[in-house]
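Accompanying notes for the structure given below.
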Amino acid sequence: MGNWLASHWLSVLFLVSWLGLNMFLFVYAFLNYEQSDKYYYTRQILGFCNRSLRKPLDHNLLFHKLVAYMICIFTAIHVIAHLFNFERYSRSQQAMDGSLAFVLSNLSRHEKEKDSWLNPIHSPNTTVMHATFTSVAGLTGVIATTALVLMVTSAMEFIRRNYFELFWYTHHLFIVYIICLGIHGLGGIVRRQTEESMDESHPHNCSKSFLEWDKYEWSCRRPHFVGHPPESWKWILAPIAVYIFERTLRFYRSRQKVVITKAVMHPSKVLELQMCKRGFSMEVGQYIFVNCPSISFLEWHPFTLTSAPEEEFFSIHIRAAGDWTENLIRTFEQRPSPMPRIAVDGPFGTVSEDVFQYEVAVLIGAGIGVTPFASILKSIWYKFQRADHKLKTQKIYFYWICRETGAFAWFNNLLNSLEQEMEELGKMDFLNYRLFLTDWDSDIAGHAALNFDKATDVLTGLKQKTSFGRPMWDNEFSRIAAAHPKSVVGVFLCGPRTLAKSLRKCCQRYSSLDPRKVQFYFNKETF
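Residue numbers (UniProt numbering): 1 to 527.
Written as structure tokens, this is what we have:
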């Protein structure tokens with residue numbers, strides 16, 4: 001056993017170091033997931049870089065998941081290796097055959113220094129279970145592994161979507177996990193031979209003559225072993241320091257007063273909140289975290305800002321999609337006086353911030369996923385009002401896919417204002433928008449068909465007619481590529497994963513191999 005450790009110490013250190021590196025990345029990835037303003041500032045710092053360098057920042061949640069998977073894999077290897085080792089430790093202690101393994105297991109009986117042991121099972125009567133739960137390394141390992149299993153299982157999409165509170169609270173077991181990780185190495189399970197002992201009893205020279213150790217002056221001395229110093233704290237210290245600083249900053253910002261200036265209930269059970277906060281500054285497409293202490297003191301939920309940077313307030317639209325949002329909407333429907341206190345943290349950056357960096361932008365929203373594009377469209381309206389000549393974008397294609405007609409009422413006024421503004425300025429070609437209704441019956445379709453010749457759509461009151469069904473994306477991309485043969489087109493989606501998969505394929509299919517011709521860049525909002 002000691003010979004194997006001496007011969008393979010480099011492999012052991014590599015495995016430990018690799019696990020440590022993954023833990024560093026895990027903590028860093030968690031910070032990227034939890035602390036979105038660090039992600040936002042990083043995007044700002046890299047703002048001068050090209051799209052290829054900035055794009056990985058938009059996949060911080062995917063990075064978080066991938067590192068978590070690696071942690072699970074290496075934790076499984078780590079635990080399985082310990083189980084095999086403890087079984088070998090137990091057999092070596094009970095061997096009573098005078099083998100090298102037996103002699104190494106009983107070093108502490110011959111040494112004045114009781115810490116000079118190699119086998120953590122110190123007597124034949126000690127069971128593996130007893131050694132596990134009475135040692136620092138064993139107990140912290142069991143607790144950390146249990147916390148990891150709970151975090152991973154509760155993060156499955158089904159639980160996250162339907163039982164968010166369970167996911168949210170269980171995921172904060174990472175605090176227990178990190179504490180156990182920091183003290184896990186204090187037990188000294190991983191041992192090494194001291195340098196003085198190596199000079200006196202090198203494994204290659206003395207492993208075969210272990211029966212003569214200390215018998216003669218010229219024979220090898222009994223080896224001395226010490227615990228390897230803990231290393232994990234080195235990997236987690238910096239991320240934890242950043243995390244503590246970040247949480248302190250976020251707590252300070254969340255305590256700043258937020259004034260709700262307006263609360264509006266829209267069709268399809270959507271609540272609009274307009275708010276003001278001193279020193280609040282935003283960009284298009286950003287989002288904030290919202291907390292309502294009267295509902296839950298610890299829960300913070302992300303919501304995309306639907307207001308424009310040019311407006312004096314900031315707003316969000318909240319759709320009932322879970323216990324927390326339903327309780328919030330119910331609270332405002334009851335119209336208490338005064339209104340419930342709302343805490344806000346943010347704003348934080350997303351991929352939609354880059355929309356004005358493209359010559360042509362394609363905006364695709366599904367249901368409530370239209371919210372980041374409401375901010376963009378409002379900002380465009382203000383830019384045209386103020387004759388902003390710095391606007392790089394020359395054309396916008398906007399697609400909104402909804403299940404029910406009531407959802408279109410959220411932003412009818414905005415789209416109607418944009419139509420009028422573009423018409424007055426002679427820029428009707430700047431905005432091309434299409435509305436798609438996916439859940440409809442024959443009565444709705446028949447009513448729309450009978451009134452098709454009218455100047456405005458009977459469902460929305462807009463000049464653009466509502467389409468029934470889903471967009472034919474191949475036709476849409478083909479048309480855009482033909483209309484802009486030498487342009488860089490940014491495709492922005494806030495919607496389901498299946499739609500993202502289709503759009504990503506279309507971006508690849510219709511991008512020209514010639515970099516001087518049309519190129520589609522896909523961007524998806526991720527929370």
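Just so you know, even glycine gets a beta-carbon here, dropped at the ideal spot from N, CA and C.
Positions of the beta strand (DSSP E) runs, each at least 3 residues long and wholly inside the segment 316–362, are given as 343–348 in order along the chain.
At the C-beta level, S197 and H228 stay beyond 8 Å of one another.
For F303, the beta-bridge partners assigned by DSSP are I288. Annotation: H204 is outside any beta strand (DSSP E); the continuous alpha helix (DSSP H) that includes it extends over P203 to C206.
Of the candidates L363, G346 and S417, S417 places its Cα closest to the Cα of K378.
Shortest Cα-Cα distance from V491 to any of G469, A95, M265 and E525 involves E525.
Closest option to T170, judged by alpha-carbon separation, among L181, M151 and N162: M151.
For F164, the closest alpha carbon among the candidates T325, C402 and R497 is that of T325. Taking the CA atoms as reference points, T393 sits about 28 Å from L437. Within the same chain, and ignoring the five residues on either side of R516 in sequence, the residues whose Cβ sits closer than 8 Å to its Cβ are K486. In terms of Cβ geometry, I342 and A366 do not form a close pair [threshold 8 Å]. The C-beta distance from W473 to S511 rounds to 14 Å, too long to fall under 8 Å, and the pair is not in contact. Taking a C-beta distance under 8 Å as the contact criterion, N119 and L139 do not qualify as a contact pair. Rounded to the nearest angstrom, the gap between the Cα atoms of K390 and F430 is 15 Å. Residues L139 and V142 of the same chain have their beta carbon placed closer than 8 Å to that of F133, with the five preceding and five following residues left out of the count.
By the C-beta density criterion, E87 is exposed, having fewer than 16 other C-beta atoms within 10 angstroms. Here DSSP, grouped into helix, strand and coil, assigns Q394 to coil.
In this structure the segment 296–309 does not touch the segment 257–264; the number of beta carbon pairs closer than 8 Å is below three. Counting C-beta pairs with one atom in each stretch, the segment 64–72 and the segment 119–129 have fewer than three that are closer than 8 Å, which means they do not touch. Pairing C206 with L148 gives a Cβ-Cβ distance that is not under 8 Å. Residue pairing from DSSP leaves Q464 without any beta-bridge partner.
Here G369 is buried: its Cβ has 16 or more other Cβ atoms, across all protein chains shown, within 10 Å.
Taking the CA atoms as reference points, A263 sits about 49 Å from T75.
Between the segment 347–354 and the segment 280–287, the count of C-beta pairs closer than 8 Å reaches three or more; the two stretches touch.
The beta carbon of S90 sits closer than 6 Å to those of I121 and V128, all from its chain and outside the five residues before and after it, given in chain order.
In this structure, DSSP gives K378 a helical state, which the three-state scheme calls helix.
Cβ-Cβ distances below 7 Å link E310 to S379 and Y382 in the same chain, with the five nearest sequence neighbours on each side left out; the list follows chain order.
With respect to the 8 Å criterion, H184 and S232 are classified as neighbours on the basis of their beta carbons. Counting along the chain, the unbroken alpha helix (DSSP H) around R247 starts and ends at S232 to S254. Membership of H130 in the alpha helix (DSSP H) is indicated by the continuous run V128 to F133. Buried is the label assigned to R191, since at least 16 other Cβ atoms lie within 10 Å of its Cβ.
Per DSSP, H171 is one residue of the alpha helix (DSSP H) stretching across F164 to H171.
Classified as exposed, H172 has fewer than 16 neighbouring CB atoms from the shown chains inside 10 Å of its CB. Taken in chain order, the unbroken stretches of beta strand (DSSP E) that lie wholly in the segment 468–513 and span 3 residues or more are 488–494. Per DSSP, V190 is not a residue of any beta strand (DSSP E), being assigned neither H nor E.
Spatial neighbours of F522 in its own chain (CB-CB distance under 7 Å, excluding positions within 5 residues in sequence) are listed in chain order as V491, L503, R504 and C507.
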